[in-house]
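A.B. asks:
Protein chains in written order, with the numbering used here: chain W, -5 to 313; chain Y, -5 to 313.
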């Protein structure tokens, strides 16, 4: 949680001159996100987030993310929408970084969502998938099986220093998934990172979906598998099938899963667990101790992966 | 700029139960301050800052700071005012830290205040001094001459590794100031850290004075000396006498300096420069590279101190 790039009020004023937002009244760096610098901005025109995209976000992908948010917001998904500059641009350059101003959404993210929150989150995922069908931008999933292979080989040498046997587990899992990874599932725009951090609630209703910087085109059911990993495990490591059932039921209330998606769910859950295991492992191993962000523990996803490897059928998730 | 202590929404809810502020709608860690963890909090009742006091703030001093802010706010100084819990308390305990909720003030701090901003800032300092006369709390200045001696001896071994000759400069300056430090100046409550970071502006008017966690009882003119150091030097290291003149004139528009205060100004400026030099030097030497805060460069205040040592009379500051 950090602000990587410092922006002074004077620098902000120069940047804002391109927009019709009026004078800034509040401007504060916020400790949110791990890859970008975010500022809370309030002007007479409303409240906004100013984001400076740091090296983890490829500037070439920025139009995809920003146009997607604009598209989804127009379709009624409560997500930030980019503010256009007077000349129509949806991003600019600030202190050497690509930067955009997005509408600010009220709401708080939950550390420990309850069953009803899981149901609402599943439902909004299906709504997002539905709204995404008419979006024309395309972006491949950089963190699909090919990306995992690359991360795994970058981490191979150090994996066992994190947990004994981890290198062999990753190698074995990767080999299995590469052989059996489901194809021909319904595809579309997926969020690909819809953890509880990225869903805002006001009075137990969803008020916002944020952080679209992993969004891409991929199997829709993979997005649900990410959420089963992110929303339905308890602190003690156990899978909570009641939450899984609510999440899936919430999703299906808006979009029915096809038989091949249901059948693929255990493998998709293994893939999603491996994806977060690998990115966390990479960050853990390559963490610069002087950096402003503390890396997340990858071992949490080792346990989740082991759970999914023991799953015999989709019923285990509450289907 | 960091959040040291993580607070989940669920932990916030428990803490807020003691207050009559309603449901939280926005709760975000903000990258502000170097010694505390700060959260921006919005409820149906308004916008607030939730502060968790980390080890640098002595919990025993908290009532002084909080009651002072309440006193000053009532007297019309635009400063945060603590929100009382239902039982009357102005602070509580959250995740093992003393914590308080204060009203949020709109406004932005300036990186490069102009002459007119200096005049307004000088004026609000005099208003603060005036409003403080009726405050009954007392707190000694822990960063006065006795505190400097302690810091200097803690840094003595490493000072020359930062700038050659720095150890001798500090020793010489400290010896001079200990001998000549002005006494019998008008005293009262001082802010003691009124840097541009701690003054908020909206449309070129002052909207807030923040960060009272160095406030104490000391010579009023010392507060002005702190501001001459903090507001009137340019990026190239030169003292801007036009800004100095505006700052002092702004102050005197509300409270006339006495002859002994004017005469003491050069020494007070040396003392203020030494105070920030020493605390920055200490943080620079003892910086933990894994910490979330980047220390400020002490050498800036070496140059300022050298300027003040060459000052022959108070006229140099624009008097």
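Don't be surprised by glycine CBs; every beta carbon is placed ideally from N, CA and C.
#1: Among 179(Y), 250(Y), 178(Y), 203(Y), which has the Cα closest to the Cα of residue 189(Y)?
#2: Could you compute how far the alpha carbon of residue 80(Y) sits from the alpha carbon of residue 102(Y)?
#3: Check the Cβ of residue 22(Y) against every Cβ in chain W and list those closer than 8 angstroms, keeping chain order.
#4: Going along chain Y, which residues have a C-beta under 9 angstroms from residue 104(W)?
#5: Just to confirm, is the Cβ distance from residue 37(W) to residue 16(W) under 7 angstroms?
#6: Please report how far the alpha carbon of residue 173(Y) lies from the alpha carbon of residue 42(W), in whole angstroms.
#7: Can you confirm whether residue 291(W), when its beta carbon is compared against all beta carbons of chain Y, has any partner nearer than 7 angstroms?
#8: Here's the rule I'm using: 16 or more other beta-carbon atoms within 10 Å means buried, otherwise exposed. How should residue 49(W) be labelled?
#9: So, is residue 298(W) buried or exposed, given that buried needs 16 or more other C-beta atoms within 10 angstroms?
#10: Which one of 249(Y), 303(Y), 251(Y), 241(Y) has the shortest CA to CA distance from residue 263(Y)?
#11: Using the C-alpha atoms, what's the distance from residue 293(Y) back to residue 156(Y)?
#12: Which same chain residues end up closer than 8 angstroms to residue 291(W) when comparing Cβ atoms and leaving out the 5 residues on each side of it in sequence?
#13: Determine, using beta carbons only, whether residue 272(Y) and residue 142(Y) come nearer to each other than 7 angstroms.
#14: Distance check for residue 199(W) and residue 34(Y), CA to CA, integer angstroms please.
#15: How many Å lie between residue -5(W) and residue 282(W) at the Cα?
#16: Measure from the C-beta of residue 190(Y) to each C-beta in chain W and report whether the shortest distance is under 7 angstroms.
#17: Pick helix, strand or coil for residue 199(Y), following the three-state DSSP scheme.
#18: Ordered along the chain, which non-local residues of its own chain (more than five positions away) have a Cβ less than 6 angstroms from that of residue 14(W)?
#19: Does the distance from the C-beta atom of residue 4(W) to that of residue 106(Y) stay below 7 angstroms?
#20: Which word fits residue 253(W), buried or exposed, when buried means at least 16 other C-beta atoms lie within 10 angstroms of its C-beta?
#21: At a CB-CB cut-off below 7 angstroms, which residues of chain Y make contact with residue 17(W)?
#22: Just to confirm my understanding: we take residue 160(Y), look at its own chain, exclude 5 residues before and 5 after, and list those with CB closer than 7 angstroms. What are they?
#23: Counting contacts by CB-CB distance shorter than 7 angstroms, is residue 166(W) in contact with chain B?
#24: Determine the burial state of residue 121(W): buried for a count of at least 16 other Cβ atoms within 10 Å of its Cβ, exposed for fewer.
#25: Got a sec, what are the start and stop residues for the alpha helix (DSSP H) residue 170(W) sits in?
#26: What span of residues does the beta strand (DSSP E) with residue 94(W) cover, start to end?
#27: Quick one: grab the DSSP three-state call for residue 206(Y).
#28: Using 7 angstroms as the limit for Cβ to Cβ distance, is residue -5(W) near chain Y?
#29: Looking at residue 137(Y): is its Cβ nearer than 7 angstroms to the Cβ of residue 182(Y)?
#30: Could you tell me which chain W residues have their CB closer than 7 angstroms to the CB of residue 277(Y), listed as they occur along the chain?
#31: From which residue to which residue does the alpha helix (DSSP H) around residue 19(Y) run?
#32: Could you give the residue range of the beta strand (DSSP E) that holds residue 183(W)?
#33: Restricting to Cα atoms, I'd like to know which of 59(W), 221(W), -2(W), 100(W) is closest to residue 85(W).
#34: Return the CA-CA distance between residue 149(Y) and residue 164(Y), expressed in angstroms with no decimal places.
#35: If the cut is a Cβ gap below 8 angstroms, which residues of chain W does residue 101(Y) touch?
#36: Alpha carbon to alpha carbon, how far is residue 187(W) from residue 259(Y)?
C.D. replies: Let me lay it out:
#1: Per the Cα distances, 203(Y).
#2: Cα to Cα, residue 80(Y) sits roughly 31 angstroms from residue 102(Y).
#3: Close partners of residue 22(Y) in chain W (Cβ separation under 8 angstroms): 24, 25, 26, 34.
#4: Residues of chain Y passing the Cβ test: 2, 3, 4.
#5: Going by C-beta atoms, residue 37(W) is nearer than 7 angstroms to residue 16(W).
#6: Rounded to whole angstroms, residue 173(Y) to residue 42(W) spans 54 angstroms at the Cα level.
#7: So no, residue 291(W) is outside the interface.
#8: It counts as exposed.
#9: Under this definition residue 298(W) is a buried residue.
#10: Among 249(Y), 303(Y), 251(Y), 241(Y), the Cα nearest to that of residue 263(Y) is on 303(Y).
#11: Rounded to the nearest angstrom, the two C-alpha atoms are 8 angstroms apart.
#12: The beta carbon of residue 291(W) sits closer than 8 angstroms to the beta carbons of 274, 278 from its chain, once the five residues preceding and following it are set aside; these are given in chain order.
#13: Residue 142(Y) sits close to residue 272(Y), with the two beta carbons spaced by under 7 angstroms.
#14: Answer to the nearest angstrom: the Cα atoms are 21 angstroms apart.
#15: Only weak support exists for where residue -5(W) lies, its pLDDT of 43 falling under 50; the coordinates are left without a value.
#16: With 7 angstroms as the cut-off, residue 190(Y) does not count as an interface residue toward chain W.
#17: It is a strand residue.
#18: Cβ within range, chain order: 80.
#19: Judged by their CB atoms, residue 4(W) and residue 106(Y) are nearer to each other than the 7 angstroms cut-off.
#20: Under this definition residue 253(W) is an exposed residue.
#21: Neighbours of residue 17(W) on chain Y, chain order: 197.
#22: The beta carbon of residue 160(Y) is closer than 7 angstroms to those of 153, 154, 296 in its chain, skipping five residues each way along the sequence.
#23: Of the chains in the structure shown, none is chain B; the protein chains are W and Y.
#24: Residue burial annotation: residue 121(W) is buried, with at least 16 other C-beta atoms found within 10 angstroms of its C-beta.
#25: From DSSP, the alpha helix (DSSP H) with residue 170(W) extends over 160 to 174.
#26: Note, residue 94(W): beta strand (DSSP E), 91 to 97.
#27: Coil at residue 206(Y), not helix or strand.
#28: Note that residue -5(W) scores 43 on pLDDT, short of 50, meaning its location in the model is unreliable and no value can be drawn from it.
#29: Taking 7 angstroms as the Cβ cut-off, residue 137(Y) and residue 182(Y) do not qualify as a contacting pair.
#30: Here the premise fails: no neighbours, minimum Cβ distance about 15 angstroms.
#31: Segment 18 to 24 is the beta strand (DSSP E) holding residue 19(Y); no alpha helix (DSSP H) there.
#32: Membership of residue 183(W) in the beta strand (DSSP E) is indicated by the continuous run 181 to 184.
#33: Nearest of 59(W), 221(W), -2(W), 100(W) to residue 85(W), Cα basis: 59(W).
#34: Straight-line Cα distance between these residues: approximately 10 angstroms.
#35: Per Cβ cutoff of 8 angstroms: 19, 20.
#36: Each residue's Cα considered, the two are about 58 angstroms apart.
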